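Protein chains in written order, with this note's numbering: chain A, -5 to 280; chain B, 330 to 564.
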């Protein structure tokens, strides 16, 4: 394999990986605070993609502003869904899981009715390439990586430097003790759910200019995000980052050498192997 | 009266865990709650701290009715619970655990002073301040759990089985800490299976059996009571 192909495959993998990381971070955040496996997470990714399509491609809002708007909007919708659906089911994880499956169908149906069945395209935001040591990189991919990386850093700082972030980690680690310190578990759960879904929306918005947008676009990424968080360790932030990047690289190199179908099968083979050999994942505890 | 429970009933599903418990704690006192496993001791503390809703009855704290209030609002009124099994935040450092005890307080400079004071009081916590709480020994975890509760500056400290699972040496140390805290002006309700320990520290005691208060009195009275001797002090 020549160096150029190698580096290009590497960058493609990292760029795919950061999108996985964002989706998986939201999923793992929601899981660790609310103990809900939210199958509808991919639908928030879809909503983020559509929000970007409308605000950026239709209304002509600046791309970066449109990303922020789509995250805020989807985050808000998510907070309402937490309130109406998941809060009443707080003590019933199995019912919450089934409800999240129902939400998949509801949100996909709503997408179909509201946005239409056709594929939508979002025009490229930046064009052109950057040549580094003989390898050519699309600037757009580098930008996506930059923004996703920034979001990960911001999430980390939020969780470790802000009071609300401390509250989230406390609720994740010991819910009752968190309540005893004066932390509102209800409020923290709602914000965590909103934040997690906003991250999925951010991933959808970042992916929008690279892929087509349609009401079912969330199905595959959420499955990949499950692979990521199980590979990295359920509830682990560093695990989601490492797992996402690893999966992105596996898919990118797999696609280059064996084609898309084999590479996708490989991801889910990894999932099963991790579950059997090391169910706690790379960074998980217990 | 600092704290009073009036005819408190609590259910877990259909099971009645407290069948009409009334008890009082005076300002400045250590009150011991004795009883066997499942007698309802922990449930009393959970009810006071707002973790468990009452079926009927009333809880009053400093002249204010507090049953039905959320755990957050009860902490803010000055009641802190050291829960059974410590319930620390295992993947946070010792310092972060302590800092979270002051979650509702806004007086940042005073919080830092209190943090220092607690570290001075528990030198082992100072030594381990950067370590994850889950990696501490049982005794250290208990100290941290107590320290965390103190960071909220409580008027009333509820302690659920602080001696459980600790070595005899550590039990003595925790006993000294409890006396110290009380001397510092904090009233204490102490739940213990170790009746001897509880009665040696408490001014007043209550004996719970299957959700009822069956005996109450000064600690010395209870120590001399035949039933208490037989059932809780090993003859």
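All C-beta atoms in this analysis are idealised placements derived from N, C-alpha and C, irrespective of residue type, glycine included. It should be emphasised that the depicted structure is a prediction, and the values quoted were computed from it without experimental measurement.
Starting from residue i, trace the alpha helix (DSSP H) both ways and give me its first and last residue.
{"i": "residue 165/A", "result": "157 to 167"}
{"i": "residue 196/A", "result": "179 to 201"}
{"i": "residue 261/A", "result": "254 to 271"}
{"i": "residue 44/A", "result": "35 to 46"}
{"i": "residue 417/B", "result": "Residue 417/B -> no alpha helix (DSSP H), and no H or E assigned at all."}
{"i": "residue 516/B", "result": "From DSSP, residue 516/B is part of no alpha helix (DSSP H) but of the beta strand (DSSP E) over 516 to 521."}
{"i": "residue 11/A", "result": "-3 to 28"}
{"i": "residue 57/A", "result": "57 to 75"}
{"i": "residue 377/B", "result": "370 to 377"}
{"i": "residue 212/A", "result": "Per DSSP, residue 212/A belongs to no alpha helix (DSSP H) and is neither H nor E."}
{"i": "residue 82/A", "result": "From DSSP, residue 82/A is part of no alpha helix (DSSP H); its letter is neither H nor E."}
{"i": "residue 499/B", "result": "497 to 512"}
What are the boundary residues of the beta strand (DSSP E) that includes residue i?
{"i": "residue 131/A", "result": "129 to 132"}
{"i": "residue 489/B", "result": "485 to 489"}
{"i": "residue 547/B", "result": "541 to 547"}
{"i": "residue 110/A", "result": "No beta strand (DSSP E) holds residue 110/A; DSSP gives it neither H nor E."}
{"i": "residue 335/B", "result": "332 to 341"}
{"i": "residue 408/B", "result": "408 to 411"}
{"i": "residue 442/B", "result": "It is not in any beta strand (DSSP E) - residue 442/B instead sits in the alpha helix (DSSP H) that spans 437 to 450."}
{"i": "residue 351/B", "result": "344 to 354"}
{"i": "residue 123/A", "result": "123 to 126"}
{"i": "residue 49/A", "result": "Neither: residue 49/A is in no beta strand (DSSP E) and is coded neither H nor E."}
{"i": "residue 116/A", "result": "Per DSSP, residue 116/A belongs to no beta strand (DSSP E) and is neither H nor E."}
{"i": "residue 533/B", "result": "533 to 538"}
{"i": "residue 364/B", "result": "359 to 364"}
{"i": "residue 385/B", "result": "385 to 390"}
Could one say the Cβ of residue i lies closer than 7 Å to chain A's Cβ atoms, at least one of them?
{"i": "residue 416/B", "result": "yes"}
{"i": "residue 419/B", "result": "yes"}
{"i": "residue 401/B", "result": "yes"}
{"i": "residue 386/B", "result": "no"}
{"i": "residue 410/B", "result": "yes"}
{"i": "residue 430/B", "result": "yes"}
{"i": "residue 404/B", "result": "yes"}
{"i": "residue 433/B", "result": "yes"}
Is it the case that the CB of residue i approaches a heavy atom of the ligand FMN more closely than 6 Å?
{"i": "residue 107/A", "result": "The model on display carries no ligand, and the ligand FMN is accordingly not part of it."}
So is residue i in contact with chain B if we call contact Cβ pairs under 7 Å?
{"i": "residue 185/A", "result": "no"}
{"i": "residue 177/A", "result": "yes"}
{"i": "residue 171/A", "result": "yes"}
{"i": "residue 276/A", "result": "no"}
{"i": "residue 158/A", "result": "no"}
{"i": "residue 167/A", "result": "yes"}
{"i": "residue 106/A", "result": "no"}
{"i": "residue 164/A", "result": "yes"}
{"i": "residue 174/A", "result": "yes"}
Write down the C-beta distance between residue i and residue j rounded to the nearest angstrom, noting that I regard them as a contact closer than 8 Å.
{"i": "residue 27/A", "j": "residue 183/A", "result": "6 Å"}
{"i": "residue 36/A", "j": "residue 212/A", "result": "3 Å"}
{"i": "residue 222/A", "j": "residue 34/A", "result": "Actually they do not touch by this definition, with Cβ atoms about 17 Å apart."}
{"i": "residue 400/B", "j": "residue 158/A", "result": "So it is not a contact: roughly 18 Å between Cβ atoms."}
{"i": "residue 194/A", "j": "residue 44/A", "result": "About 13 Å; that fails the 8 Å criterion."}
{"i": "residue 244/A", "j": "residue 15/A", "result": "Not confirmed; about 14 Å, so no contact."}
{"i": "residue 228/A", "j": "residue 176/A", "result": "With a Cβ gap of about 27 Å, residue 228/A and residue 176/A do not count as contacting."}
{"i": "residue 79/A", "j": "residue 93/A", "result": "6 Å"}
{"i": "residue 41/A", "j": "residue 63/A", "result": "With a Cβ gap of about 12 Å, residue 41/A and residue 63/A do not count as contacting."}
{"i": "residue 338/B", "j": "residue 384/B", "result": "4 Å"}
{"i": "residue 13/A", "j": "residue 142/A", "result": "7 Å"}
{"i": "residue 153/A", "j": "residue 162/A", "result": "6 Å"}
{"i": "residue 233/A", "j": "residue 275/A", "result": "6 Å"}
{"i": "residue 427/B", "j": "residue 477/B", "result": "6 Å"}
Hey, is the segment 261 to 270 of chain A in contact with the segment 338 to 358 of chain B, meaning 3+ C-beta pairs nearer than 8 Å? Fewer than three Cβ pairs drawn from the segment 261 to 270 of chain A and the segment 338 to 358 of chain B lie within less than 8 Å of each other, which leaves the two stretches out of contact.
Between the segment 349 to 368 of chain B and the segment 515 to 525 of chain B, are three or more C-beta pairs nearer than 8 Å? Yes, the segment 349 to 368 of chain B touches the segment 515 to 525 of chain B.
Contact between the segment 187 to 202 of chain A and the segment 45 to 60 of chain A: three or more CB pairs below 8 Å? In short, these stretches touch, since the Cβ pair count reaches three.
Any contact between the segment 410 to 422 of chain B and the segment 359 to 367 of chain B? By contact I mean 3 or more CB pairs, one from each, below 8 Å. Under the Cβ criterion (8 Å, minimum of three pairs), the segment 410 to 422 of chain B does not count as touching the segment 359 to 367 of chain B.
Can you confirm whether the segment 493 to 505 of chain B touches the segment 443 to 452 of chain B when touching is taken to mean that 3 or more C-beta pairs between the two stretches lie within less than 8 Å? Short answer: they don't touch.
When you check each C-beta in the segment 359 to 388 of chain B against every C-beta of chain A, which residues fall closer than 7 Å? Hits within the stretch, in order: 378, 380.
I'd like to know if the segment 373 to 387 of chain B and the segment 544 to 561 of chain B are in contact, where contact means that at least 3 CB-CB pairs between them fall below 8 Å. Contact between the segment 373 to 387 of chain B and the segment 544 to 561 of chain B is absent: fewer than three C-beta pairs spanning the two stretches fall below 8 Å.
Between the segment 118 to 137 of chain A and the segment 387 to 403 of chain B, can you find at least three pairs of beta-carbon atoms closer than 8 Å? Between the segment 387 to 403 of chain B and the segment 118 to 137 of chain A there are fewer than three C-beta pairs closer than 8 Å, too few to call the two in contact.
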